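The structure under discussion appears below in the form of structure tokens.
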Amino acid sequence: MGVNWWQGRRRISVVVDNESWILPYAERLLSDLSRAGDEVRLIRDYESLPDGDIAFLLGCVNLAPAEVLNRNRLSLVVHESDLPKGRGFAPVAWQILEGKSEIKVCLIEALPNLPDGGDIYHSDTLRFTGNELNPEIRHAQGEISIRLCAEFMAMPVLPVAVPQVGAVTKYARRRPADSRLDPTKSLSDQFQLLRVVDNRRYPAFFDHAGRRYILRIEAADNDSDAKRIDHSNE
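In the working numbering, the protein residues as written are 4 to 237.
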């Protein structure tokens with residue numbers, strides 16, 4: 004791949020093919036790269052993806068076929084695991100459930116027939132304190148995703164990619180049933196699960212006495228929340 008094009012005004016597409024939570028971050032990336040002097044556009048479906056230099060596929064739910072990926076010199080995706088370990092679905096949630104507080108995040112080439120199997124162009128590490136809930140976890144994901152993309156584009160020369168090395172492991176797709184709590188266990192024992200559930204799309208739940216109960220969680224960090232809780236106990 005020639006690299007002279009890297010030094011000029013590059014044609015970049017940021018692709019989000021669904022109504023993902025990452026859309027606001029993708030729009031920020033669009034703005035940041037545009038201010039840096041590149042030609043950038045937001046693409047919402049693969050059919051609309053133009054020919055160009057770089058395509059960032061962020062939060063996409065559909066695999067891009069080779070014909071789509073070949074429209075750009077390089078197509079890249081973000082994946083949150085120490086590849087080749089942890090390919091597949093919802094890697095952040097699965098690793099938090101495993102008790103991890105540091106999660107490697109990789110910017111890799113998108114391949115048509117090998118999801119999450121591309122060479123690694125850039126990486127960094129997500130670090131959690133252990134008390135973040137789903138909105139904060141997603142915010143951290145969004146921030147590091149667009150930062151990796153922006154840092155990659157700011158490199159003076161096109162970096163040399165590093166192949167993935169080692170045994171491959173894969174995470175399964177998370178389903179609503181994976182948000183099930185065990186009523187015989189303490190909340191403390193199940194706090195990692197409570198951190199990753201989505202209160203709207205897949206809330207925590209448990210079955211007891213012939214009924215199903217929904218449990219939603221949020222942090223009461225501000226004064227108004229604390230006062231409301233205090234008053235309810237008077």
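C-beta: ideal position from N, C-alpha, C; glycine also. Model, not experiment: these values are computed from the prediction.
The Cβ neighbour count for Met158, taken over all protein chains shown within 10 Å, is under 16; the residue is labelled exposed. Per DSSP, the unbroken alpha helix (DSSP H) holding Arg141 starts and ends at Asn137 to Ala157.
Between Ala164 and Tyr205, the C-beta gap is not smaller than 7 Å, which leaves the two residues out of contact. Taking the Cα of His142 as reference, the smallest distance to any Cα among Ile220, Phe59 and Ser23 is reached at Ser23. Cβ neighbours of Pro27 within its own chain (closer than 8 Å, five residues either side excluded): Gly145. The C-alpha of Leu77 is placed about 16 Å away from the C-alpha of Gly11. Scanning the region 189-224 from its first residue to its last, the whole beta strand (DSSP E) runs of 3-plus residues come out as 207-211 and 214-218.
Counting the other Cβ atoms within 10 Å of the Cβ of Ser189 gives fewer than 16, which makes it exposed.
Assigned with DSSP and collapsed to three states, Ser16 falls in strand. Residue ranges of uninterrupted alpha helix (DSSP H) with 4 or more members, entirely inside the region 68-100 and ordered along the chain, are 69-72 and 94-100.
Three or more Cβ pairs drawn from the region 74-88 and the region 98-111 lie within less than 8 Å of each other, which places the two stretches in contact.
The way I'd put it, the region 32-39 doesn't touch the region 85-97; fewer than three beta-carbon pairs between them come closer than 8 Å. As far as DSSP is concerned, Ile25 takes part in no beta bridge. Counting along the chain, the unbroken beta strand (DSSP E) around Cys109 starts and ends at Glu105 to Glu112.
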